[in-house]
Every structure is written in C-alpha cells, then in structure tokens.
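Worksheet: the structure to be examined is printed underneath.
Residue numbers (our numbering), protein chains in the order written: chain A, 55 to 366; chain B, 55 to 366.
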C-alpha cells in the first residue's frame with residue numbers, strides 16, 4: 055500500500071465524525087476523503103442547512119460543541135432568542151449564531167448557483183481542514199420518514215422536532231431524480247486504497263449515500279478493501295436511534311444485523327469487543343474496542359482498523 | 055374634518071421616521087398610513103433587506119438605536135463577527151443579530167410567496183405598531199446611482215459601502231416594470247384627509263415612491279390637502295446626503311428648491327424658521343421649528359403641521 059494511503063469514508067452524524075477525527079489525527083496522515091450524507095439536509099427559515107456536513111467540519115476544525123457532538127462550542131443564540139421573543143418563532147431547530155453565519159453563507163452560495171461540493175470545499179479549506187469533504191450529491195435527496203402516528207415526515211421533523219419518538223414504519227430514500235454519481239465522489243472511491251463505512255446509523259446516515267445512483271454498484275465492484283465499523287455496541291447504539299429503528303424495522307439489534315445490511319458492499323467488518331462473535335462466509339471480521347470516548351480512543355480505533363486491513 | 059383624521063405619509067429614512075414617531079404620539083391619535091420607500095431594498099448575503107421599512111418599524115416600536123437612528127438598540131453582532139473572523143466576510147453592511155432575525159423571517163416569507171405588504175403588516179402588528187405601514191410596491195424597484203468615478207451602483211453600494219462619497223451624476227428610479235399602484239396604497243391615498251411628505255431626502259427617499267406607476271398622477275388629482283415638510287434647514291440637511299446631492303445635481307441648497315421639486319403634487323409646504331422665506335403662486339407655506347431633536351419636538355412639529363393645515 056502507498057505510504058500516504060488514500061482512504062474514502064462513507065459518513066454521517068456524530069458517531070461518524072468521531073471516527074473522522076481519529077483518522078485525521080493518525081500519523082502518518084492518510085489522504086482522507088469523506089463522502090457525507092446529505093439526506094438530512096433541509097431548508098429552514100429560508101436557510102439551507104446540512105447537519106452532517108457541518109458536524110463533520112466543526113469536528114475536524116476543533117470547533118464542535120463537545121457536550122452535544124454537533125453545533126459550535128460556546129455558541130450564542132442571539133438571533134434565535136430574538137426570533138422567539140419578538141416574533142413568536144416556533145424554534146424547534148436550534149440555530150446558534152456562529153452556526154447561522156455558516157448557514158447564511160451557504161444559502162447565499164446556493165442562490166448564486168455555487169454547487170454544494172464547491173461551497174463545502176471552500177469552507178473546509180477556510181476552516182483549516184486538510185481532508186476532502188464531499189457531499190454525497192449536489193442534488194437534493196431528502197430522506198423521508200413514515201410512521202403510523204405522524205404519516206410522512208421530513209427527516210428533521212422526525213429527528214429533531216419529534217426527537218425520533220415516532221415508530222418508523224418505513225424510510226424512503228431519494229434517488230436524486232436521475233442524478234448521476236458526482237465525478238469527485240466517483241474519483242474518490244475509484245482511487246481509494248481502502249473504503250470505510252463509519253459507525254454511523256446505517257439506515258439514516260449510510261443508506262441515503264448508498265441510494266445515490268451508481269454508488270452501490272461502484273462500491274460492490276471496487277477491488278480495494280471495504281470495511282465497516284459497527285455502530286451497535288453491547289446490544290445498543292452509543293447515541294441516537296439506531297437500536298430503536300432496528301427494533302421498529304423488525305430487526306435484531308446486533309452488529310451481525312448491520313454486517314448483514316452491508317452485504318455485497320463490504321469485505322471486512324470491525325465488530326466491538328463487547329459483542330458476541332459471529333461469522334459470515336466471505337466476510338472478514340475482527341473485534342476491537344469501538345467506544346470512542348476520547349481522542350486517544352478515536353485515534354486507536356482508526357489505527358487498529360487500518361492495521362487490521364493492512365494485514366489481510 | 056373627521057375626529058380621527060386619516061393621514062397618509064410618503065416616507066423614507068431616518069428623518070422621516072422621526073416625524074412618524076411625532077405623528078404616532080399625537081392626541082387624539084390620527085389614523086396613520088405610512089407609504090414607505092422600497093427603492094433602497096436589496097439582497098445581501100441571501101437576505102431581503104428593507105432599510106426604510108425597518109427603520110420606521112423599529113422607531114415606532116421604540117426599539118430603534120437612538121444614536122444611529124436605525125438598527126436595533128443594544129443589538130449584538132455575533133453572527134457578523136463570526137462571518138468576519140471565521141470566513142473573511144467583507145462586512146460593509148452592518149447586520150445586528152436582532153436585525154438579522156427580521157431579515158431571516160422576511161426572506162423566508164418572500165421565498166414562500168408572501169407579499170412584502172402582507173409580511174410588513176404582520177410584523178408591524180407583532181411589534182405592537184398601530185399605524186399601517188405599506189411598502190410603496192410589492193415589486194422590486196431598486197434605485198440606481200450613477201457617478202463619474204464609480205459608474206452605476208446599487209443604492210446600498212453608494213450609500214453604505216461608499217458612504218455616499220461618490221459625486222452623483224444621475225439617479226435612476228425603477229418603474230417596477232409595468233407594475234401597477236398597489237391597491238392598499240391607492241386606498242390609503244384616496245381616502246386620506248391629508249397627505250404628508252415627510253422631511254426625507256426628496257431624491258433618494260421620496261422620488262422612488264413618486265416613480266411608482268400611477269402614484270404621482272393620483273397624488274396630483276387628490277382633493278385632500280397635501281403638504282411637504284422641508285428636509286433642508288439653514289442651508290444644510292440635518293443628517294445624510296441631501297445637501298450634497300443637491301449641489302451635485304446643480305441645485306441651490308434651499309427649502310425653496312425642495313418645494314419646487316414637489317411642484318404639482320403639494321399645495322402646502324412647511325418650511326423651517328431658520329430658512330429665508332419664499333413664496334410660490336398657489337403654494338401655501340408656513341415656517342415652523344422643524345428640528346426634531348427629541349420626542350416633544352417631534353410631536354410638536356406633527357401637531358403644528360396638522361393645526362396649520364386644519365386652518366386652511
């Protein structure tokens with residue numbers, strides 16, 4: 055393998071960002087490209103908001119709110135407070151002032167026909183991020199949630215406004231109305247020495263990426279090692295609704311179920327030490343400590359995963 | 055005249071807002087409709103900004119920054135600071151956080167096809183403003199400035215970014231591409247017991263209103279008294295570029311010039327005590343203290359103007 059290994063990572067959400075930080079802190083530094091879920095993106099108060107891209111950028115730039123895992127550390131909410139107090143705004147989505155600055159820039163760029171990919175590159179560079187951050191698509195591909203109680207909802211309606219409480223009946227991934235695989239995403243995957251699927255929510259964060267036309271097929275055909283890391287530890291998710299959704303979809307809450315879900319697109323799976331071992335024909339597995347409670351553990355998981363794959 | 059007199063006021067800018075506050079504080083309270091210049095409106099950072107409407111609303115709601123005469127009192131600039139510090143934003147237009155909240159709401163409303171008139175009514179009501187505030191048009195009619203040094207500029211480019219320093223060669227008023235006079239503006243003028251032209255900049259604030267198709271003709275034909283108040287006191291403007299522009303356009307800096315500019319649409323003119331008297335055939339004039347340095351003086355000018363017209 056190359057000295058400066060090229061790694062492409064499918065990623066979304068807070069758990070994914072933790073691994074990203076581990077990878078970005080490896081020595082020697084690999085060449086990293088993050089292919090980020092945009093199924094959560096939405097328009098709110100006239101602003102184009104990309105939660106997963108922002109979480110990743112703030113994390114890599116060292117600006118993320120450490121308590122929440124998203125948003126900007128020590129951010130104020132003067133604009134939001136004014137909206138609520140002066141104009142009775144229904145503030146179910148938290149907008150910090152510093153966060154708003156980025157939403158404003160992005161929205162203005164979108165109105166000026168700048169692509170989300172170009173805008174993201176520009177901002178990431180401005181934030182001092184050396185890795186490449188690619189939205190999975192420049193075309194909007196919003197994930198929709200269907201529940202018995204609430205019918206069809208936008209992702210943020212489900213995830214933030216209703217705090218992922220409705221029981222999911224079905225998740226509908228958008229296929230971008232015939233949009234093709236972005237050239238830079240294609241390049242990043244094709245030229246990668248290794249592809250990783252971050253320990254993100256498979257159904258909410260990774261599946262939307264796999265729904266980008268051509269991406270799943272490209273991934274399946276790639277000769278490079280492709281490895282996923284379990285988001286399920288000890289029968290539960292570290293954070294967020296992964297386990298709850300698995301139950302609602304009638305699935306066993308286990309790393310095995312996740313590995314099964316990625317069948318055909320991965321050839322390696324990093325399970326957690328705490329989980330009961332399982333074996334699939336044709337799938338390499340290992341068991342590592344995947345709980346990323348601090349930076350050394352994030353770096354360790356990244357290094358151990360790479361070391362394991364290098365030994366194949 | 056009716057006990058509760060109906061007054062329609064053509065208005066724009068900080069000087070106009072001072073008179074508006076005087077009128078709104080009269081006892082008995084007249085029924086006030088402000089027809090506001092929107093020639094200064096612009097899009098900035100993807101936001102729809104209406105400086106004259108906002109100045110009027112903040113003034114009437116008691117929220118205006120008393121030092122500046124515009125913007126919100128004690129506003130913070132967390133978003134703007136973040137834009138500058140984090141993203142090297144060229145911050146020539148000041149955006150306070152509370153002000154931003156209003157721009158965001160307006161922009162979202164515009165995107166949802168809400169008219170500027172409806173949005174403004176809703177917000178004014180929310181701010182506790184009893185007067186009616188009508189944009190001169192729901193169609194964008196941007197004023198353009200031409201100068202020898204800088205060529206053609208948007209109004210805010212001239213006024214804010216270049217601090218009205220370029221020498222004006224020509225001012226171009228937009229006629230709204232065949233837009234018709236808004237029904238509510240038509241009603242307000244037609245049903246008014248009196249029409250006032252605020253002591254705003256005639257060339258920058260009032261002329262754009264007069265350029266709304268049909269408005270000048272309607273005004274000329276109205277039987278109600280129509281009275282303008284001088285923005286020129288003692289050979290200068292109280293604030294802003296009125297006198298400078300007059301010189302650049304080759305005009306004498308005098309109240310007489312302003313009265314002349316309004317010829318055919320006013321039948322009364324309130325001059326300032328400090329100015330040399332003049333007489334035009336067919337134009338009633340009076341001389342009052344028009345310097346509105348505090349609230350009592352604002353109310354006094356409003357009351358004295360009304361009393362004078364009532365005595366015709």
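Glycine is no exception: its CB is placed at the ideal position from the N, C-alpha and C atoms.
What you are looking at is a predicted structure, and each value in this text was computed from that prediction instead of being measured.
Taking only runs that begin and end inside the segment 263-329 of chain B, name each unbroken alpha helix (DSSP H) of 4 or more residues, in chain order.
269-275, 296-302 and 309-315
In whole angstroms, give me the CA-to-CA distance for residue 185 of chain A and residue 234 of chain A.
Translated into positions along the first chain, residue 185 of chain A becomes position 131. Translated into positions along the first chain, residue 234 of chain A becomes position 180. About 24 Å.
Hey, does residue 133 of chain B have any beta-carbon neighbour from chain A nearer than 8 Å?
As a first step, residue 133 of chain B is located in the second chain; it is residue number 79 there, counting from the start. Yes, residue 133 of chain B counts as interfacial toward chain A.
Look up residue 189 of chain B in the DSSP assignment and give the residues it is bridged to.
On the second chain, residue 189 of chain B is found 135 positions in, with the first residue counted as 1. B:90.
Span separating the alpha-carbon of residue 187 of chain A from that of residue 142 of chain B
Taking the first chain and counting its residues from 1, one reaches residue 187 of chain A at position 133. Taking the second chain and counting its residues from 1, one reaches residue 142 of chain B at position 88. Residue 187 of chain A and residue 142 of chain B have their C-alpha atoms some 20 Å from each other.
For the alpha helix (DSSP H) containing residue 152 of chain B, list its first residue and its last residue.
In the second chain, counting from the first residue as 1, residue 152 of chain B sits at position 98. Looking at the DSSP string, the run of the alpha helix (DSSP H) that includes residue 152 of chain B is 151-165.
Compare the beta carbon distance of residue 285 of chain A and residue 255 of chain A with 8 Å and say whether it is the shorter of the two.
Here residue 285 of chain A is taken as the residue at index 231 of the first chain, counted from 1. Here residue 255 of chain A is taken as the residue at index 201 of the first chain, counted from 1. Their beta carbons are under 8 Å apart, which means residue 285 of chain A touches residue 255 of chain A by this criterion.
Grouping DSSP H, G and I as helix and E and B as strand, with all else coil, what is residue 56 of chain B?
Along the second chain, one-based indexing puts residue 56 of chain B at 2. For residue 56 of chain B, the predicted model reports a pLDDT of 48, less than 50, meaning its position is unreliable and no value from the coordinates is stated.
Whose CA, out of B:168, B:137, B:148 and B:177, lies closest to the CA of residue 112 of chain B?
Residue mapping note: residue 112 of chain B aligns to position 58 of the second chain, counting from 1. Among B:168, B:137, B:148 and B:177, the Cα nearest to that of residue 112 of chain B is on B:177.
Taking 8 Å as the CB-CB cut-off, is residue 316 of chain A touching chain B?
To locate residue 316 of chain A, count along the first chain from 1; it is residue 262. Residue 316 of chain A does not count as touching chain B.
Identify whether residue 200 of chain B lies in helix, strand or coil by the three-state DSSP scheme.
Position 146 of the second chain holds residue 200 of chain B. Judged by DSSP in its simplified three-state form, residue 200 of chain B adopts strand.
Have a look at the DSSP bridge pairing and note the partners of residue 118 of chain B.
Position 64 of the second chain, counting from 1, holds the residue named residue 118 of chain B. Looking at the DSSP assignment, residue 118 of chain B forms a beta bridge with B:126.
Would you list, in sequence order, the uninterrupted alpha helix (DSSP H) runs of no fewer than 4 residues that lie entirely inside the segment 196-257 of chain A?
Look at the segment 196-257 of chain A and you find these whole runs of alpha helix (DSSP H), each 4 residues long or longer: 237-244.
Proximity of residue 359 of chain A and residue 281 of chain A at Cβ, strictly below 8 Å:
Looking up residue 359 of chain A in the first chain gives position 305. Looking up residue 281 of chain A in the first chain gives position 227. Yes.
Nonlocal neighbours in the same chain, by C-beta distance under 6 Å from residue 152 of chain B, ignoring five residues either side:
Counting from 1 along the second chain, the entry for residue 152 of chain B is found at position 98. Taken in chain order, the residues that qualify are 126 and 129.
Please determine, among B:213, B:329 and B:352, the residue with the shortest C-alpha to C-alpha distance to residue 29 of chain B.
Given a span of 55 to 366 for chain B in the structure shown, any question on residue 29 of chain B remains unanswerable.
Please confirm whether residue 159 of chain B has its beta-carbon closer than 8 Å to some beta-carbon of chain A.
Reading the second chain from its first residue, position 105 is the one you call residue 159 of chain B. So, interface residue.
What are the partner residues of residue 63 of chain B, as DSSP defines its beta bridges?
For the purposes of this step, residue 63 of chain B is identified with residue 9 of the second chain, where counting begins at 1. Partner(s): B:88 and B:250.
Buried or exposed for residue 293 of chain B, going by 16 or more other Cβ atoms inside 10 Å?
Along the second chain, one-based indexing puts residue 293 of chain B at 239. By the 10 Å Cβ count, residue 293 of chain B comes out exposed.
Rounded Cβ spacing between residue 105 of chain A and residue 171 of chain A (contact assumed at less than 8 Å):
Walking along the first chain from the start, residue 105 of chain A turns up at place 51. Walking along the first chain from the start, residue 171 of chain A turns up at place 117. Actually they are not in contact, since the Cβ atoms of residue 105 of chain A and residue 171 of chain A sit about 17 Å apart, beyond 8 Å.
In whole angstroms, what separates the C-alpha of residue 226 of chain A from that of residue 191 of chain A?
Indexing the first chain from 1 puts residue 226 of chain A at position 172. Indexing the first chain from 1 puts residue 191 of chain A at position 137. Residue 226 of chain A and residue 191 of chain A: Cα-Cα distance of roughly 17 Å.
Beta-carbon within less than 8 Å of residue 244 of chain A's beta-carbon, same chain only, minus the 5 sequence neighbours each way: which residues are those?
As a position in the first chain, residue 244 of chain A is number 190, starting the count at 1. Cβ within range, chain order: 272 and 276.
To the nearest angstrom, how far is it from the Cα of residue 55 of chain B to the Cα of residue 246 of chain B?
By one-based count along the second chain, residue 55 of chain B stands at place 1. By one-based count along the second chain, residue 246 of chain B stands at place 192. Unreliable positioning characterises residue 55 of chain B in this predicted model, as indicated by a pLDDT of 47, which lies under 50. A coordinate reading is not provided.
Check whether the Cβ of residue 165 of chain A lies closer than 8 Å to any Cβ atom in chain B.
Mapped onto the first chain, residue 165 of chain A falls at position 111. For residue 165 of chain A, a Cβ of chain B is located within less than 8 Å of the residue's own Cβ.
Relative to the alpha-carbon of residue 239 of chain A, which residue among A:229, A:269 and A:77 has its alpha-carbon at the smallest distance?
Counted from its first residue, the first chain places residue 239 of chain A at position 185. Taking the Cα of residue 239 of chain A as reference, the smallest distance to any Cα among A:229, A:269 and A:77 is reached at A:269.
Give a yes or no on whether 8 Å exceeds the smallest Cβ distance from residue 66 of chain A to chain B.
One-based indexing of the first chain puts residue 66 of chain A at position 12. No - not a single Cβ of chain B is within 8 Å of the one on residue 66 of chain A.
Decide if residue 309 of chain B is buried, meaning its Cβ has at least 16 other Cβ atoms within 10 Å, or exposed.
Translated into the one-based positions of the second chain, residue 309 of chain B becomes position 255. With 16 or more Cβ atoms within 10 Å of its Cβ, residue 309 of chain B is classed as buried.
Through-space distance from residue 168 of chain B to residue 337 of chain B, alpha-carbon basis:
Taking the second chain and counting its residues from 1, the one referred to as residue 337 of chain B is at position 283. Taking the second chain and counting its residues from 1, the one referred to as residue 168 of chain B is at position 114. Their backbone Cα atoms lie some 41 Å apart in a straight line.
Cβ-Cβ distance between residue 154 of chain B and residue 162 of chain A below 8 Å:
By 1-based counting over the second chain, the position of residue 154 of chain B is 100. By 1-based counting over the first chain, the position of residue 162 of chain A is 108. The answer is no: Cβ separation not under 8 Å.
Return helix, strand or coil for residue 333 of chain B, following the three-state DSSP convention.
The sequence position of residue 333 of chain B within the second chain is 279, counting from 1. Reduced to three states, the DSSP call for residue 333 of chain B is coil.
Which of the three DSSP states is assigned to residue 73 of chain A in this structure?
Mapped onto the first chain, residue 73 of chain A falls at position 19. Residue 73 of chain A: helix per DSSP, three-state reduction.
Identify, in the order they occur along the chain, each residue of the same chain with its Cβ nearer than 6 Å to the Cβ of residue 221 of chain B, setting aside the five sequence neighbours on each side.
What you label residue 221 of chain B is simply residue 167 of the second chain in a count that begins at 1. These residues qualify, in order along the chain: 201 and 302.
For the alpha helix (DSSP H) that contains residue 96 of chain B, what are its first and last residues?
Sequence index remark: in the second chain, residue 96 of chain B carries index 42 (1-based). Premise fails: residue 96 of chain B lies in the beta strand (DSSP E), 96-98, not in any alpha helix (DSSP H).
Closest Cβ-Cβ distance between residue 140 of chain B and chain A: below 8 Å?
Position 86 of the second chain holds residue 140 of chain B. Chain A contact via Cβ: present.
Give the straight-line distance between the Cα atoms of residue 82 of chain B and residue 95 of chain B, rounded to the nearest whole angstrom.
What you label residue 82 of chain B is simply residue 28 of the second chain in a count that begins at 1. What you label residue 95 of chain B is simply residue 41 of the second chain in a count that begins at 1. Approximately 33 Å between the Cα atoms of the pair.
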